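Participant: Residue numbers (the numbering used here), protein chains in the order written: chain A, -10 to 462; chain B, -10 to 462. Cβ coordinates follow ideal geometry from the N, Cα and C atoms, glycine included. The model shown is predicted, which means the values in this text are computed figures rather than measured ones.
#1: Just to confirm the assignment, what range does the beta strand (DSSP E) spanning residue 58 of chain A have?
#2: Can you list, in chain order, the residues of its chain whose CB lies under 7 Å from that of residue -1 of chain A, leaving out five sequence neighbours each side?
#3: Taking C-beta pairs closer than 7 Å, name the residues in chain A that residue 266 of chain B reaches, listed in chain order.
#4: Using a Cβ distance threshold of 8 Å, determine whether the stretch 368 to 383 of chain A contacts the stretch 62 to 79 of chain A, with at least three qualifying pairs required.
#5: Less than 9 Å between the C-beta atoms of residue 463 of chain B and residue 158 of chain B, yes or no?
#6: Can you list, in chain order, the residues of its chain whose CB lies under 6 Å from that of residue 272 of chain B, leaving out five sequence neighbours each side?
#7: Using 10 angstroms around the beta-carbon of residue 125 of chain A, count the other beta-carbons present and answer buried if the total reaches 16, otherwise exposed.
#8: Please list, in chain order, the chain A residues whose beta carbon lies closer than 7 Å to that of residue 292 of chain B.
#9: Nearest CA to the CA of residue 18 of chain A: which residue from A/194, A/293 and A/153?
#10: Cβ atoms of residue 397 of chain B and residue 215 of chain B: under 9 Å apart, would you say?
#11: Fully enclosed by the stretch 127 to 177 of chain B, which beta strand (DSSP E) runs are 3 residues long or longer?
#12: Please work out which residues of its chain come closer than 8 Å, Cβ to Cβ, to residue 101 of chain B, disregarding the five sequence neighbours upstream and downstream, and give them in chain order.
#13: Tell me, please, whether the CB atom of residue 255 of chain B is closer than 9 Å to any CB atom in chain A?
#14: Can you list the alpha helix (DSSP H) stretches of 4 or more residues lying completely in the stretch 400 to 459 of chain A, in chain order?
#15: Over the uninterrupted alpha helix (DSSP H) stretch that includes residue 217 of chain B, give me the two end residues.
#16: Does any C-beta atom of chain A lie closer than 9 Å to the C-beta of residue 53 of chain B?
#17: Quick one: what does DSSP say residue -7 of chain A is sitting in, helix, strand or coil?
#18: Check each residue of the stretch 421 to 442 of chain A: if its Cβ is closer than 8 Å to any Cβ of chain B, include it; give the result in chain order.
#19: Could you check the C-alpha separation between residue 149 of chain B and residue 257 of chain B for me, to the nearest Å?
#20: In three-state terms, what does DSSP make of residue 13 of chain A?
#21: Taking the C-alpha atoms as reference points, what is the distance between residue 447 of chain A and residue 129 of chain A?
#22: Which residues mark the beginning and the end of the alpha helix (DSSP H) in which residue 26 of chain B is found?
#23: Suppose contacts are defined by Cβ-Cβ distances below 9 Å. Is residue 411 of chain A in contact with residue 452 of chain A by that definition?
#24: Relative to the C-alpha of residue 370 of chain B, which candidate in B/297, B/232, B/385 and B/210 has its C-alpha closest?
#25: Output the boundary residues of the alpha helix (DSSP H) element that contains residue 201 of chain A.
#26: Judging by CA-CA distance, which residue of B/61, B/6, B/47 and B/434 is the nearest neighbour of residue 248 of chain B?
#27: With contact counted as at least three CB pairs below 8 Å, one residue from each stretch, are the stretch 44 to 58 of chain B and the stretch 190 to 210 of chain B in contact?
#28: Between the alpha carbons of residue 213 of chain B and residue 106 of chain A, how many angstroms are there, rounded?
#29: Considering only the beta carbon of each residue, do residue 178 of chain B and residue 85 of chain B sit closer than 9 Å?
#30: Identify whether residue 0 of chain B lies in helix, strand or coil by the three-state DSSP scheme.
#31: With 16 as the cutoff for other CB atoms within 10 Å, does residue 308 of chain A come out buried or exposed?
#32: I want to see whether chain A comes within less than 9 Å of residue 228 of chain B, judged by CB atoms only; does it?
#33: Suppose you measure from the CA of residue 285 of chain A to the CA of residue 291 of chain A; what does that come to, to the nearest Å?
#34: Taking all protein chains shown into account, decide if residue 387 of chain A is buried (16 or more other Cβ within 10 angstroms of its Cβ) or exposed.
#35: Less than 9 Å between CB atoms is the rule here; does residue 349 of chain B satisfy it with respect to chain A?
#36: Which residue's Cα is closest to the Cα of residue 155 of chain A: A/175, A/184 and A/170?
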């Protein structure tokens, strides 16, 4: 379906070649570790927790308590009243981040010696527990790139503002955390250029092979990079397959639209229609003041149980970014989340189990999530019926069935120290585990859905990027 | 892509055969005209305008003025404050219908003597200016089919409540009028059965050929039928094509995914992403009381200019429906709307010009609309810059370029006497008329987009159904 190609070489083949590029190429840093350590020495960020009511330029509306920036831009923190019919937890309240503007998450791509490379940035974010992480070439909210804060221009932005002038490899708006964001959408873009590109300080070119290796490092490839990487059109008729019964071959076969799938794409779409019709979740934005089960104490907004997350204030001083210092609210998440894909070889083709999951901030009721998506610690508080169905299975899987296991960070611009353990667990059973809410999907079906908005949630996209990274390890 | 088939006969081929079925089949009424006239004699509906504040079971909220049913179900009439950046009309207020529940619009299909037939219903709706129109097998809101009003069960509903037990030909939620509805979605379904079906009074089986002939009759095929028909997977590798340079051949070729298109589907999707990012429309639900530019007089809510629409009350007495009498608010639309597709043969393949159009009630900023969509009378009031770009061209087209011209009704359950002239005009030029907001699209690309929600608006879908009907005329 995709016609993106340079000359006659199709994009799925070129992506596969970049993913299989064996050693460091001449364009990559001689040692990524040394390069990254050098960046960490140059970039500097001091983040200090401050009370919400002491944040410069931010204030709470006297009546509603909604927290906003004095420019009216960036984002607000509001209250949300959520009702879900026939659910173990059928009503709750929570703060939520409302950021209506669509930002750009863009990666620039270019062939060097016939191999696609991707321009990545070593970037500090206030929520990163470890300072620097590897981000897309451009990671900018509209407020950010229209320079509401009066900082320096965003490097490389122009390629993403006029994509039609270049080769567009990916260009689709996708949701972000539906439990923390109200209908947040970012534009995920990969633009290929052939012209000379100046390599600015803090940036480096990497092949997919290198990016995939680095995905196995804790807290290195940031969330924005992962979602953009997941939108690459990996699937196609030209994905090379080694043959045989191995995991790699099943994964490669799964990328081929000609491979058999348990469900046709039409069936999967019909199931999504069914779930979006049947699941009755209503979310209403309400005042933050007097939000049931939440309280303001010590300069932060917290849940009465002490679980879930806190809305905190931070004061940031940065060097090597567009702005030298600023204040902002963040969601602080103490407990590590867990998301796990369950995969299975069916007829020699790798299938991923996806879950129809309603989150209050979704634009359209449900999106497809990994088989398991939760914060285990919160289940001490929630009713037993709310416990994820496959939690025990993925945590108890034998080591040789665990295909991926890395703890990665969530968006460091809004979430303070939010980490998630990403697992890919292979299931070797053959029993029917789908029920109403789960379906087996191939990777080429995932790639087809990812051409459109709101099918795969941010956790599922992150895990897809991780799953692709298993190739050729 | 679609795998819907009975045995080895693909659905696109079977639809084409049904569309080309020459004469009346044995299953169809011997004379549709006589059958329909007989239905009109049996069905009876008296509709009387009454003041909004005299509607039984409906009332306006004391503070907000929002009009709702005492059950809390069905729909509400609310106010909307709309802002569009950089538009000729950059801010306005209007009443809007909020109907959050997803209803079912479903057509039952069955082969008789090897030809697909569709079960249609002669149905009276209070807004129909001519009483009966031809509706889908099932046309039911959730309030309706869960029998909030305590009426009789909806006939044939069970097939659509358990679609997985049958052959699903179409199953997708689509938007309705984004200028009059707040995020309304209905589930468009076509379900094929092989079992015996009792033919109830008021229903008849028709081939696509008959439905297509009837689409040329004013105010006969209702809006709900048109949107469901548009979601049929007409496109595919098996659409028969007569060859040659004629309009029919170009139309058939346009249904074939192998045919050349001006833009790849990836390019069209990228353009949609771009439009949904750049167009900045914000719509906020506000009280109906004190809505700027609107006033309450003589029991109705009207715009100060007398244009656009009025919110009125009606009292309905019906015979041959689930309920014998009820009251409800409606939008009364005095002036006839105009929607026009501009089509062009490009490389022997028919292309349709679609417009990226923002409407305040859309779920996701824009949907693709016909080249022209307006109510000409309203442009006496609106600024000249708001006048549709191709309005003069379609109204002034020579008769031999007008491929379709019928005035059809909008949804008679919510809109009172709302009619629209549907035009398909062939453009024989070869100049570039796309600009930022318009793109050429083939029918197979349209069919691909129609597998997903929110790409083609209700007017574009109606016109697609009309365009398919031109085949073989």
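Facilitator: This is what the structure holds:
#1: 56 to 58
#2: 225 and 227
#3: 91, 162 and 176
#4: yes
#5: Outside the displayed span of chain B (-10 to 462) sits residue 463 of chain B, for which this structure offers no information.
#6: 69, 71 and 349
#7: buried
#8: What residue 292 of chain B touches in chain A: nothing, since even the nearest Cβ is about 28 Å away.
#9: A/194
#10: yes
#11: 127 to 129 and 156 to 164
#12: 14, 15, 16 and 194
#13: yes
#14: 432 to 438 and 447 to 458
#15: 212 to 219
#16: no
#17: Any reading at residue -7 of chain A must be qualified, since the residue scores a pLDDT of 44, below 50, and its modelled position is unreliable; the value itself is stated next. Residue state, collapsed to three classes: coil.
#18: 440, 441 and 442
#19: 32 Å
#20: coil
#21: 17 Å
#22: 21 to 31
#23: yes
#24: B/297
#25: 197 to 203
#26: B/434
#27: no
#28: 50 Å
#29: no
#30: helix
#31: exposed
#32: no
#33: 6 Å
#34: exposed
#35: no
#36: A/184
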